[in-house]
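Here the structure is laid out as structure tokens; the discussion comes afterwards.
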Amino acid sequence: ACSTWTGSKCNSTFLRLGPLATGTTYKFRVETSSVSGKVTSSTSEVTASTLPNNAKDPVTGLKASFDGDKLKLSWTAGSGMDTYTVDYWTPERYQQPLSLTVSSPSATITNLRPSTKYTLRVKSNFGDGTVAYSALIPLL
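Just so you know, the sequence shown maps onto residues 598 to 737 in the numbering used here.
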């Protein structure tokens, strides 16, 4: 996967763009090119928009502590949050995170592999159907 956009070239089938500005519409198109650099095909243009600045706040005060193969998490709940989803993954599984949904502002993740790097985030699920994500938290 490409971790950064370098000019107009990316030798991969996956590209993560960011950070993106809030409240902004972006247009994307994917092109394939031959070794000589000649464009050989192109997708239709796709439009995507980021959430506006007035999007709901994610959880705050996220705390994590390890207890053997368990990770204990807690955070400060905001108003209007119904449930929380903790997504966590290893570098090789970033496209398919594991998830745990809870109804209180705490969670325990079990069966973690020792000496393995994980990343997590907490998604706040609001009663009106909207969501807000915490920052990505790297763990080792």
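Don't be surprised by glycine CBs; every beta carbon is placed ideally from N, CA and C.
Residue i, buried or exposed, once every other Cβ within 10 Å from all chains shown has been counted against 16
| i | result |
| --- | --- |
| Ala618 | exposed |
| Ala598 | Because Ala598 sits at a pLDDT of 47, beneath the cut-off of 50, its placement in the model cannot be relied upon, and the following sentence gives the value as read from the coordinates. So Ala598 ends up on the exposed side. |
| Ala732 | exposed |
| Pro702 | buried |
| Tyr623 | exposed |
The beta strand (DSSP E) enclosing residue i, as first and last residue numbers
| i | result |
| --- | --- |
| Glu628 | Glu628 to Ser630 |
| Val643 | Val643 to Ser646 |
| Gly634 | Segment: none, Gly634 is in no beta strand (DSSP E) and carries neither H nor E. |
| Leu697 | Leu695 to Val699 |
| Ser662 | Thr657 to Asp664 |
| Pro735 | Ile734 to Leu736 |
| Ala674 | Taken as a continuous stretch (DSSP letters only), Ala674 belongs to no beta strand (DSSP E), as it is neither H nor E. |
DSSP three-state assignment for residue i, whether helix, strand or coil
| i | result |
| --- | --- |
| Arg690 | helix |
| Asn722 | strand |
| Ala618 | coil |
| Lys714 | coil |
| Leu668 | strand |
| Tyr682 | Reading the sequence as shown, one finds Thr at residue 682 and not Tyr. Thr682: strand per DSSP, three-state reduction. |
| Val707 | The sequence given here places Thr at residue 707; Val does not occur at that position. Of the three classes helix, strand and coil, the one that applies to Thr707 here is coil, per DSSP. |
Among the options, the one whose alpha carbon lies nearest that of residue i
| i | options | result |
| --- | --- | --- |
| Gly615 | Val636, Thr647 and Glu628 | Thr647 |
| Lys720 | Lys714, Ser712, Pro711 and Tyr730 | Tyr730 |
| Lys656 | Glu689, Val632, Trp672 and Val643 | The question names Lys, but residue 656 is Val in the sequence shown. Checked all of Glu689, Val632, Trp672 and Val643; the closest Cα to Val656 is Trp672. |
| Gln693 | Leu717, Glu628 and Gly634 | Leu717 |
| Ala645 | Gly665, Gly675, Arg710 and Thr621 | Thr621 |
| Lys714 | Gly675, Thr698 and Pro688 | Pro688 |
Rounded Cβ spacing between residue i and residue j (contact assumed at less than 8 Å)
| i | j | result |
| --- | --- | --- |
| Thr705 | Leu737 | Not a contact, Cβ separation roughly 18 Å. |
| Thr640 | Arg626 | 6 Å |
| Thr680 | Ser700 | 5 Å |
| Met678 | Asn708 | The pair is not a contact, with the Cβ atoms about 26 Å apart (cut-off 8 Å). |
| Thr682 | Ser696 | 5 Å |
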